[in-house]
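Working notes, beginning with the structure itself.
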Amino acid sequence: MKVAKFGGSSLASGEQFEKVFNIVMSDPKRKIVVVSAPGKRFASDIKVTDLLIECAEKCLKNEAADDLVEAVIERYASIARELGLSSRVSNMIRNDLLTVLSGDKSNPERFIDAVKATGEDNNAKLMAAYFQHKGVEARYVNPKDAGLIVSDEPGNAQVLPESYERLFELRNLPGIIIFPGFFGFTKKGEVVTFSRSGSDITGSILANGTKAELYENFTDVDAVYSVNPNIVEKPKEIRELTYREMRELSYAGFTVLHDEALIPAFRAGIPVNIKNTNNPSAPGTKIVHERTTSNGPVIGIASDKGFCSIYVSKYLMNREIGFGRKILQILEEYGLSYEHIPSGIDDISIILRKNQLNPALEEEIVTRIKTELEADEVKIERNLALIMIVGEGMRQNVGTMARASKALADAGVNIEMINQGSSEVSMMFGVKAEDEQRAVIALYKEFFAPVPVNV
Ligand code: ASP
1 MKVAKFGGSS
11 LASGEQFEKV
21 FNIVMSDPKR
31 KIVVVSAPGK
41 RFASDIKVTD
51 LLIECAEKCL
61 KNEAADDLVE
71 AVIERYASIA
81 RELGLSSRVS
91 NMIRNDLLTV
101 LSGDKSNPER
111 FIDAVKATGE
121 DNNAKLMAAY
131 FQHKGVEARY
141 VNPKDAGLIV
151 SDEPGNAQVL
161 PESYERLFEL
171 RNLPGIIIFP
181 GFFGFTKKGE
191 VVTFSRSGSD
201 ITGSILANGT
211 KAELYENFTD
221 VDAVYSVNPN
231 IVEKPKEIRE
241 LTYREMRELS
251 YAGFTVLHDE
261 ALIPAFRAGI
271 PVNIKNTNNP
281 SAPGTKIVHE
291 RTTSNGPVIG
301 IASDKGFCSI
311 YVSKYLMNRE
321 IGFGRKILQI
331 LEEYGLSYEH
341 IPSGIDDISI
351 ILRKNQLNPA
361 LEEEIVTRIK
371 TELEADEVKI
381 ERNLALIMIV
391 GEGMRQNVGT
401 MARASKALAD
411 AGVNIEMINQ
421 GSSEVSMMFG
431 VKAEDEQRAV
441 IALYKEFFAP
451 VPVNV
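All residue numbers for the sequence shown refer to full-length UniProt numbering, where the first residue is 1 and numbers rise by one.
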């Protein structure tokens, strides 16, 4: 059997619901269907999840949120009307949302999670009603009843291992199972969501738990592209890539799949197929354990802005035992996570996502490193972009770094830092944020032949 997950844009309207229905019915192996909340119907539209978050925040501040509540209900009601479903479903959704909104607000994070989760929960109920309306045996299954137990980290839940065994039971239910993505329950029975876009994670967990033969992730693109199509027009599509390659790419800006979503599927050895709801006959992109790497060293180029680095230099740093640990300890005390640590004999740069910092915190950290570690120089460099070139083929190919750095030099991009993990699956280049596009285009041309670019 297969698990098929559909993203928000695949569920934004009645027309999209119909496509989902046809896709599911065209393959009897599609037994479990995981749904997101309704997404955007057009570029300036607002996702239901965003409406719900705003709604919850207003309720917490005791501000009127009636317009938002109605807007959310209308999103479902319009889908139901388009599909010819009775108003019973829309009324049920209305009641459910109003009940959650009038619930306990003593813990704001918990309240926001409960409101957010209604987005997928009600969409799953709506989808199940639609399947039944079409005469198909289908049922909505609640994550609590299925045993999807998660850690108590609002907005950032992690699945608990005991869930998997219980989820296996889903195989024994008759008919098609419609399962809401994005949330689970704590051991105490409270709703907690995964991080944003977390329905991908739910799909992967269910694929693992039910030992599915395939996890299909339906989205709105024909394939994972080798580079961001907003930077390079019509980039090469990737047919097959490994879990590690996908992990590296989604880490640095490939938003097709949540970067935490691969782990459960990977652990159970279940291949993932990314496909397009709007063009289901396209083969999509397969994510597998191993692939043949005959097509060059690089499979994809990812980039992301929003990084900064803490540069620390001290003469004879290389001889000082415990220097790295002390710096990292300071960061740990402030709850900061780091991304990369390129280093030299007398200096070290710690790269972090800059949204974790603020000016007061930066000053405190700089002062502490200077005084407690007696560093010669400590400075924060802002506005960094990280560019990752990714490919298992780098292991077999000599000279990839030389080609990449020459391409960047020819494009007049100054490389601020370089990092290559010993796994040799990726190389990271830190550049100034304003050079990001130029750098990506230069690297794309180098590794994927010259192409017309839209900038
Ligand atoms: N609806 C949630 C979000 O927008 C989860 C998802 O779509 O995967 O983040």
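The C-beta atom is built at its ideal place from N, Cα and C for all residues, glycine as well.
For residue i, count neighbouring Cβ atoms within 10 angstroms of its own Cβ and tell me buried if that reaches 16, exposed if not.
{"i": "Lys-61", "result": "exposed"}
{"i": "Glu-120", "result": "buried"}
{"i": "Asn-207", "result": "In the sequence under discussion, the amino acid at residue 207 is Ala, which differs from the Asn named in the question. Looking at its Cβ environment, which holds 16 or more other Cβ atoms inside 10 Å, Ala-207 is buried."}
{"i": "Phe-42", "result": "exposed"}
{"i": "His-258", "result": "buried"}
{"i": "Met-25", "result": "exposed"}
{"i": "Leu-98", "result": "exposed"}
{"i": "Gln-329", "result": "exposed"}
{"i": "Ser-163", "result": "buried"}
{"i": "Ala-13", "result": "Note that residue 13 corresponds to Ser in the displayed sequence, not to Ala. Flag for Ser-13 reads buried."}
{"i": "Tyr-140", "result": "buried"}
{"i": "Glu-332", "result": "exposed"}
{"i": "Glu-260", "result": "buried"}
{"i": "Glu-364", "result": "exposed"}
{"i": "Ala-65", "result": "buried"}
{"i": "Asn-414", "result": "exposed"}
{"i": "Asp-200", "result": "buried"}
{"i": "Val-398", "result": "exposed"}
The beta strand (DSSP E) with residue i in it runs from where to where?
{"i": "Gly-184", "result": "183 to 185"}
{"i": "Thr-219", "result": "214 to 219"}
{"i": "Leu-160", "result": "No beta strand (DSSP E) contains Leu-160, which DSSP labels as neither H nor E."}
{"i": "Ile-380", "result": "377 to 390"}
{"i": "Phe-179", "result": "176 to 180"}
{"i": "Met-417", "result": "417 to 420"}
{"i": "Thr-210", "result": "First-last for Thr-210: undefined, no H or E at that position."}
{"i": "Asp-347", "result": "347 to 353"}
{"i": "Lys-105", "result": "First-last for Lys-105: undefined, no H or E at that position."}
{"i": "Thr-193", "result": "191 to 193"}
{"i": "Lys-406", "result": "Per DSSP, Lys-406 belongs to no beta strand (DSSP E); it is in the alpha helix (DSSP H), 400 to 410."}
{"i": "Arg-30", "result": "30 to 35"}
Can you tell me which of the options puts its alpha carbon nearest to the alpha carbon of residue i?
{"i": "Ile-341", "options": "Gly-399, Glu-416, Ala-282", "result": "Glu-416"}
{"i": "Val-224", "options": "Arg-267, Lys-234, Val-256, Lys-406", "result": "Val-256"}
{"i": "Lys-379", "options": "Asp-410, Ser-313, Met-394, Lys-354", "result": "Ser-313"}
{"i": "Lys-31", "options": "Thr-292, Phe-21, Glu-290, Val-413", "result": "Phe-21"}
{"i": "residue 477", "options": "Ala-385, Asn-383, Ser-426, Ile-345", "result": "Lying outside 1 to 455, the shown extent of the chain, residue 477 is not represented and no answer is given."}
{"i": "Ala-56", "options": "Ser-90, Ser-87, Asp-104, Ser-86", "result": "Asp-104"}
{"i": "residue 458", "options": "Asp-145, Ser-226, Val-221, Pro-143", "result": "Residue 458 lies beyond the stretch modelled for the chain, which goes from 1 to 455, so this question has no answer here."}
{"i": "Asp-376", "options": "Arg-382, Val-366, Asn-383, Ala-385", "result": "Val-366"}
{"i": "Gly-8", "options": "Ile-23, Asn-123, Arg-88, Ile-73", "result": "Asn-123"}
{"i": "Ala-385", "options": "Arg-438, Ser-86, Asn-95", "result": "Arg-438"}
{"i": "Phe-447", "options": "Leu-336, Val-227, Pro-359", "result": "Val-227"}
{"i": "Val-288", "options": "Lys-370, Val-115, Pro-271", "result": "Pro-271"}
{"i": "Tyr-404", "options": "Val-100, Ser-349, Phe-168, Lys-445", "result": "The question names Tyr, but residue 404 in the sequence shown is Ala. If we check each option's Cα against that of Ala-404, Lys-445 comes out closest."}
{"i": "Asp-435", "options": "Asp-410, Gln-420, Ile-149", "result": "Asp-410"}
{"i": "Arg-239", "options": "Thr-277, Thr-219, Lys-286", "result": "Lys-286"}
{"i": "Gly-147", "options": "Glu-137, Ala-138, Pro-161, Gly-135", "result": "Pro-161"}
{"i": "Val-35", "options": "Glu-320, Leu-361, Thr-118", "result": "Thr-118"}
{"i": "Val-431", "options": "Ser-343, Ile-327, Ile-418", "result": "Ile-418"}
{"i": "Phe-17", "options": "Ala-128, Glu-169, Asn-358", "result": "Ala-128"}
{"i": "Val-3", "options": "Tyr-130, Leu-373, Gly-181, Thr-242", "result": "Gly-181"}
{"i": "Ile-177", "options": "Asp-346, Ser-343, Lys-19, Pro-28", "result": "Pro-28"}
{"i": "Glu-54", "options": "Val-69, Asp-45, Lys-40, Ser-44", "result": "Val-69"}
Is there a Cβ from chain B that is less than 7 Å from the Cβ of residue i?
{"i": "Phe-179", "result": "The structure shown contains no chain B; it holds only a single protein chain."}
Which residue comes first and which comes last in the alpha helix (DSSP H) that contains residue i?
{"i": "Val-24", "result": "14 to 25"}
{"i": "Met-428", "result": "Counting along the chain, Met-428 falls outside any alpha helix (DSSP H), though it belongs to the beta strand (DSSP E) covering 426 to 432."}
{"i": "Pro-108", "result": "108 to 133"}
{"i": "Val-366", "result": "359 to 372"}
{"i": "Ile-327", "result": "323 to 333"}
{"i": "Thr-49", "result": "48 to 60"}
{"i": "Leu-443", "result": "436 to 448"}
{"i": "Ser-90", "result": "87 to 101"}
{"i": "Ser-250", "result": "243 to 251"}
{"i": "Val-141", "result": "That residue, Val-141, is in no alpha helix (DSSP H); it is neither H nor E in DSSP."}
{"i": "Ser-79", "result": "One point to set straight first is that residue 79 is Ile, not Ser, in the sequence displayed. Where Ile-79 is concerned, the enclosing alpha helix (DSSP H) stretches over 66 to 82."}
Would you be able to state if there are at least three C-beta pairs under 8 Å between the stretch 298 to 305 and the stretch 244 to 251?
yes
For the ligand ASP, which residues have a Cβ under 5 Å from at least one heavy atom, in chain order?
Gly-8, Ser-36, Ala-37, Thr-49, Phe-182, Arg-196, Ser-197, Ser-199
Stretch pair the stretch 260 to 272 + the stretch 207 to 220: three plus CB contacts closer than 8 Å:
yes
Just checking, does the stretch 149 to 165 make contact with the stretch 108 to 123 on the three C-beta pairs under 8 Å criterion?
yes
Inter-stretch contact at 8 Å, needing at least 3 Cβ pairs: the stretch 420 to 439 / the stretch 391 to 410
yes
Any 3 or more C-beta pairs closer than 8 Å across the stretch 197 to 204 and the stretch 229 to 239:
no
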